[in-house]
């Protein structure tokens, strides 16, 4: 060993490294990780895989931190995200980093795919490497889809309603898939917890396993090098992964974090008003990377819809997954593979075209454009409002009612005197026997309430409600009181 | 050979020399350098290593600041807003001869929730017409102190701290007397600000 012939004693850093190496084998590990030979040398074109790994780690860390304050239920999801955005220090920034990060993942996955395809880097015993990459693409899109619902605002709710409805177009099992995803026929609290579990536990576990497989298969096959290289027996002189390729990857990762950080800081992701299933005007639009599919589905109605919705996408996906089996020649240069590259470019431009058409359609239709701008305004308005904490549903006591109005104060006496509180609870908080009045009665008109109190509907009578038999004056006071309840 | 940037250097030459036969690009001197010892390998790769390490350190430091602030938010922000709670009508307490326990309702913020929680306080027999309300929390380690009717003393069940009828420390491990809560009287109603105080110190110090 060189140490024996070296006159100088080793420095402290080297001694620590040697100590660690003898016990952990870290030297062999670093060698394995960093001395990967790249035929033809390091290139900027090869950075995408490393950048994706970096983004995945960033998404994992920001996601774990967001989970500190997030509660996956239909009642609390929106409040907790609003709390993160409006109250928690750095909350808006972190949430934006995570949201923009998901878009960045989709962009870099596409660039990684385009680079690999155009370089013919799926050739030469790399079929499994390619297929694992395709599965990773699908998992990333699933992450984006499940994460989109979690804030439970209008946008998230309606986009996911449309998204899960698409599943019901699948023949035979479509309805079942939709119900499975939603946890029932309707979107509700079970949908949130299902999407949360998928987004936080199930898909990430699959992602980690597949990333490990993908990297392992990549190292097994070796870097493919430039398109002129033989994919099975590389002949070009090699350069090791470290240091030049590592430096390039690090620079791009740095640029990436700068872009994401600036976006998150200067243009933070907005949160809209809480999901309101009763809203009928809402125009749902998916996140930008789902726009092409969204637009495509618009064109397929009627008996041939099955072709557009199932057959053509299935053929496209199958072509993508099976391309290493179809395009088997070892020729990698793009200009010598006109069919493979032509079809790829055609499909890719189709996607871009569909996305642009979707945006164009929305701008051309004045009623949609108007509604979209209304929705945008509602979001802006919600972002300006201060954080509103969740009420005291579980509290044992009635909400503190400031009875300022003397009429309402008189009504309180009637409320208690007529034993309304026996069923509707103190201060109208509701009980197991009768619904909550607080908040619910405020929107109804005095006349409507007066009629309901004098002549309850059959449904109300079934529930045990009795006609209120008091003087008109007392009735007026009672209505003033129950309308004042919040 | 100085410490200039060398492209194509091997990270761990021990392995490259023995296992790999690739010749690095842009580096005619690889064979020559392959024969060098471990110390020189370290110095050769150090410049880029430091550069990458520095970039990574700056990146993670910059990113960890918002993460840490985000996680520490509950420690920094005051999530509990203290408000006045009703104790009862002033006339009720005029004829007290011993401390009496009253339950009050405190409206609080629990992160994203607004909650109303029930707390116990002691209303003391009036001295010169002034109303005193004591916190039942022991200044020693925070147990709730019951009033012992028989002995006419407050006796903490945890470590036996004893307080007189007026809350003054008598014996035991408590560093100070029981804590007075701020009170006021509005329209004949006694109101109190429920608060917590730091334990184990001789002075009364509010926990914000």
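Protein chains in written order, with my numbering: chain A, 369 to 854; chain B, 14 to 221.
For each residue, glycine too, the CB sits at the ideal point set by N, CA and C.
Taking all protein chains shown into account, decide if residue i is buried (16 or more other Cβ within 10 angstroms of its Cβ) or exposed.
i: residue 848 (chain A); result: buried
i: residue 693 (chain A); result: exposed
i: residue 543 (chain A); result: exposed
i: residue 753 (chain A); result: exposed
i: residue 423 (chain A); result: buried
i: residue 481 (chain A); result: buried
i: residue 194 (chain B); result: buried
i: residue 839 (chain A); result: exposed
i: residue 567 (chain A); result: buried
i: residue 672 (chain A); result: exposed
i: residue 70 (chain B); result: exposed
i: residue 417 (chain A); result: buried
i: residue 851 (chain A); result: buried
i: residue 726 (chain A); result: buried
i: residue 150 (chain B); result: buried
i: residue 379 (chain A); result: exposed
i: residue 584 (chain A); result: exposed
i: residue 98 (chain B); result: buried
i: residue 393 (chain A); result: exposed
i: residue 658 (chain A); result: buried
i: residue 823 (chain A); result: exposed
i: residue 210 (chain B); result: buried
i: residue 621 (chain A); result: buried
i: residue 117 (chain B); result: buried
i: residue 695 (chain A); result: buried
i: residue 397 (chain A); result: exposed
i: residue 655 (chain A); result: buried
Report the neighbours of residue i on chain B: residues whose CB is nearer than 9 Å to its CB, in chain order.
i: residue 451 (chain A); result: 124 and 125
i: residue 625 (chain A); result: 72, 75 and 76
i: residue 593 (chain A); result: None at all; the shortest Cβ gap to chain B is about 11 Å.
i: residue 440 (chain A); result: None at all; the shortest Cβ gap to chain B is about 14 Å.
i: residue 384 (chain A); result: Residues of chain B passing the Cβ test: none, with the nearest at roughly 11 Å.
For residue i, which beta-bridge partners are listed by DSSP?
i: residue 494 (chain A); result: In the DSSP output, where bridge partners are listed per residue, residue 494 (chain A) has none listed.
i: residue 407 (chain A); result: A:606
i: residue 210 (chain B); result: B:219
i: residue 167 (chain B); result: B:160 and B:176
i: residue 97 (chain B); result: B:206
i: residue 114 (chain B); result: B:135
i: residue 121 (chain B); result: B:128
i: residue 726 (chain A); result: Bridge partners of residue 726 (chain A): none, in fact.
i: residue 195 (chain B); result: B:206
i: residue 359 (chain A); result: What is shown of chain A runs 369 to 854, which leaves residue 359 (chain A) out entirely.
At 8 Å on the CB atoms, spell out the chain A contacts of residue i, in chain order.
i: residue 84 (chain B); result: 433 and 436
i: residue 65 (chain B); result: 611, 614, 615 and 618
Give me the chain A residues within the contact set of residue i, using Cβ-Cβ distance strictly less than 7 Å, ordered along the chain.
i: residue 68 (chain B); result: 618 and 622
i: residue 116 (chain B); result: What residue 116 (chain B) touches in chain A: nothing, since even the nearest Cβ is about 11 Å away.
i: residue 79 (chain B); result: 458, 461 and 462
Cβ closer than 9 Å: which chain A residues qualify as neighbours of residue i?
i: residue 61 (chain B); result: 610, 611, 612, 614 and 615
i: residue 88 (chain B); result: Within chain A, no residue comes near residue 88 (chain B); the closest Cβ sits about 10 Å away, beyond 9 Å.
So with CB distances below 7 Å, who are the chain B contacts of residue i?
i: residue 758 (chain A); result: 125, 126 and 127
i: residue 448 (chain A); result: 125
i: residue 797 (chain A); result: Correct list: empty, because the minimum Cβ distance to chain B is about 11 Å.
i: residue 850 (chain A); result: Going along chain B, no residue has its Cβ under 7 Å from residue 850 (chain A), so there is no contact; the nearest lies around 21 Å.
Any beta carbon from chain D within less than 8 Å of residue i's own beta carbon?
i: residue 425 (chain A); result: Within the model displayed, chain D is absent; protein chains A and B are what it includes.
Which chain B residues are close to residue i, counting only those with a beta carbon under 8 Å from its beta carbon?
i: residue 715 (chain A); result: Chain B residues near residue 715 (chain A): none, gap ~36 Å exceeds 8 Å.
Below 9 Å between beta carbons is the criterion; list the residues of the region 599-619 of chain A that meet it against any residue of chain B, in chain order.
-> 604, 605, 606, 607, 608, 609, 610, 611, 612, 614, 615, 618 and 619
Segments of 3+ residues assigned as beta strand (DSSP E) that fall wholly inside the region 676-706 of chain A | none
Just by C-beta distance, which residues in the region 456-473 of chain A are closer than 7 Å to chain B?
-> 456, 457, 458, 459, 461 and 462
Which parts of the region 557-637 of chain A are runs of the alpha helix (DSSP H), unbroken and 4 residues or longer, counting only runs that do not cross its ends?
-> 557-565, 571-589 and 614-634
Just by C-beta distance, which residues in the region 134-161 of chain B are closer than 7 Å to chain A?
-> none
Report the residue ranges of all alpha helix (DSSP H) runs contained in full by the region 488-543 of chain A; include only those spanning at least 4 residues, in chain order.
-> 495-517 and 522-535
Please list the segments of the alpha helix (DSSP H) lying wholly inside the region 437-480 of chain A, counting only runs of 4 or more residues, in order along the chain.
-> 445-454
In chain order, what residues of the region 806-836 of chain A put their CB closer than 9 Å to some CB of chain B?
-> none
What are the complete alpha helix (DSSP H) segments, minimum 4 residues, inside the region 124-159 of chain B?
-> none
Entirely enclosed alpha helix (DSSP H) segments - the region 383-429 of chain A, minimum 4 residues = 394-402
When Cβ atoms are compared, which residues of the region 568-588 of chain A fall closer than 9 Å to chain B?
-> none
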